[in-house]
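Encoded as structure tokens, the structure appears first; notes follow it.
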Amino acid sequence: MSPVLGFHYHPDILVSSGTANTLTILSPVKMGALLGAIFFAIFTIYEMDRIIRYNMLGFFEAYADMQRLNTAKVISIITAAVISVILAFILYLPYSMFKLSNLFNFLLYLKSYCFIMLPALVFSIMISAGFYMITRRMDISFLLYIGLVFISLNADKYLAVWIQTSVPAYTDCFENSFQINIILWNRLLWFLISIALLLLGIICTRRYEKNIFSSLLMNFLRPYLVFCTMAVLLMCYVFFRYEPYYDNTPDINQEMIANKDSKSAISISVLKKRILIIQ
96 MSPVLGFHYH PDILVSSGTA NTLTILSPVK MGALLGAIFF AIFTIYEMDR
146 IIRYNMLGFF EAYADMQRLN TAKVISIITA AVISVILAFI LYLPYSMFKL
196 SNLFNFLLYL KSYCFIMLPA LVFSIMISAG FYMITRRMDI SFLLYIGLVF
246 ISLNADKYLA VWIQTSVPAY TDCFENSFQI NIILWNRLLW FLISIALLLL
296 GIICTRRYEK NIFSSLLMNF LRPYLVFCTM AVLLMCYVFF RYEPYYDNTP
346 DINQEMIANK DSKSAISISV LKKRILIIQ
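Residue numbers for the sequence shown, in my numbering: 96 to 374.
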């Protein structure tokens with residue numbers, strides 16, 4: 096039900112744009128992404144800690160592989176998130192069609208839920224699960240996740256806004272292909288980052304109640320996990336380094352200051368020449 100708040104509260108939406116697609120599609124989806132991501136992160140960390148909380152770790156380790164068990168938990172929670180997004184998509188479809196009337200674009204509506212809301216929930220689940228498997232502490236996992244949420248809510252660069260994306264508005268009269276392309280590149284990068292954190296968490300899974308270093312030595316016996324993690328981290332760097340959408344325009348204020356400095360330098364040099372001529 097979190098997208099409902101997006102119809103009335105617009106945290107980082109360019110409301111002054113006044114476009115119907117912005118207020119009816121983009122704003123609810125971004126609000127649903129933010130609140131849904133936080134909810135599923137809390138739920139994921141709570142579920143990952145259930146075995147330790149009820150002192151059942153020794154029993155499960157005797158009969159199951161903890162790496163596979165944790166992976167199965169993450170997949171199950173992601174499945175629940177996908178079902179939640181599908182239900183939200185179906186629930187708000189009639190209202191959006193009625194509200195937008197002739198302006199309604201089903202493809203834009205579908206892309207908004209598939210590229211903004213759904214990835215935010217999936218990333219949140221994988222990242223929070225990775226944090227917990229690395230630290231195996233609920234409090235530290237929450238703090239690390241809150242730090243990432245703070246970055247997403249306050250970052251200026253579009254690649255750092257991993258939950259709700261940095262797209263401020265949709266247009267009603269033209270195609271929104273540029274906004275969608277920015278969202279897709281952001282989602283591709285953070286999908287790789289989320290996979291990398293999840294793989295790091297799986298590698299750090301504790302074995303037979305040993306500490307993290309002893310568990311790492313045992314988990315290194317499965318080298319394919321290490322190779323996959325290194326490959327994903329390398330891909331993260333490549334996609335971050337060679338991203339095609341960037342703002343290379345100079346800052347207006349700095350440009351004005353530079354122009355003033357250059358003009359003052361020219362005037363001073365001219366004045367010195369005149370003084371020398373007079374002398």
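Beta carbons are placed, not taken as given, at the ideal position from N, Cα and C, and that holds for glycine.
Just so we're clear, the structure is a prediction, and the values are computed from it rather than from any experiment.
Asked, Found
"Reduced DSSP secondary structure (H/G/I, E/B, other) of residue 335", "helix"
"Residue 223 versus 185, 248, 294, residue with shortest Cα-Cα distance", "294"
"Close-in-space but distant-in-sequence residues of the same chain around residue 115 (CB under 8 Å, 5 per side omitted)", "194, 195, 198, 267"
"Where residue 144 sits in the DSSP three-state scheme", "coil"
"Given 8 Å, three or more beta-carbon pairs between the stretch 198–216 and the stretch 230–246", "no"
"Buried versus exposed call for residue 273 [16 or more other C-beta atoms within 10 Å across all chains shown]", "exposed"
"Option nearest residue 339 by Cα separation, candidates 328, 277, 311", "277"
"Residue burial classification, residue 271 (beta-carbon count within 10 angstroms, cutoff 16)", "buried"
"Classification of residue 174 by the beta-carbon crowding that lies within 10 angstroms, buried from 16 upward", "exposed"
"Residue 237 CB to nearest heavy atom of the ligand NAD below 6 Å", "Of ligands this structure carries none, so the ligand NAD is not represented either."
"Opening and closing residue of the alpha helix (DSSP H) in which residue 315 lies", "From DSSP, residue 315 is part of no alpha helix (DSSP H); its letter is neither H nor E."
"C-beta atoms of residue 135 and residue 261 nearer than 7 Å", "no"
"Residue 245 - containing alpha helix (DSSP H), residue span", "233–249"
"For residue 292 and residue 252, the rounded distance between their alpha carbons", "21 Å"
"Residue from 165, 208, 123, 139 whose Cα sits closest to the Cα of residue 233", "139"
"Separation of residue 184 from residue 146, as counted between CA atoms", "34 Å"
"For residue 285, the first and last residue of its enclosing alpha helix (DSSP H)", "272–298"
"The alpha helix (DSSP H) enclosing residue 264, as first and last residue numbers", "No alpha helix (DSSP H) contains residue 264, which DSSP labels as neither H nor E."
"Euclidean distance between Cα positions of residue 324 and residue 162", "15 Å"
"Per-residue DSSP class, three states only, for residue 256", "coil"
"Helix, strand or coil at residue 115 according to DSSP, with G and I counted as helix", "helix"
"Classification of residue 306 by the beta-carbon crowding that lies within 10 angstroms, buried from 16 upward", "exposed"
"Buried/exposed call for residue 181, threshold 16 Cβ in 10 Å", "exposed"
"Own chain, CB closer than 7 Å to residue 168, minus 5 neighbours either side, in chain order", "142, 143"
"Where residue 38 falls, given that 16 or more other Cβ within 10 Å makes a residue buried", "Past the boundaries of the shown model lies residue 38; the chain is included only from 96 to 374, so the question cannot be answered."
"Assigned secondary structure, residue 301 (DSSP; H/G/I helix, E/B strand, else coil)", "coil"
"Helix, strand or coil at residue 159 according to DSSP, with G and I counted as helix", "coil"
"C-alpha gap between residue 111 and residue 121, whole angstroms", "Note on residue 111: pLDDT 49, under 50, position unreliable in the model; no value is reported."
"Whole-angstrom distance between residue 246 and residue 333, CA atom to CA atom", "21 Å"
"Neighbour-count burial assignment, residue 288, 16 or more Cβ in a 10 Å radius", "buried"
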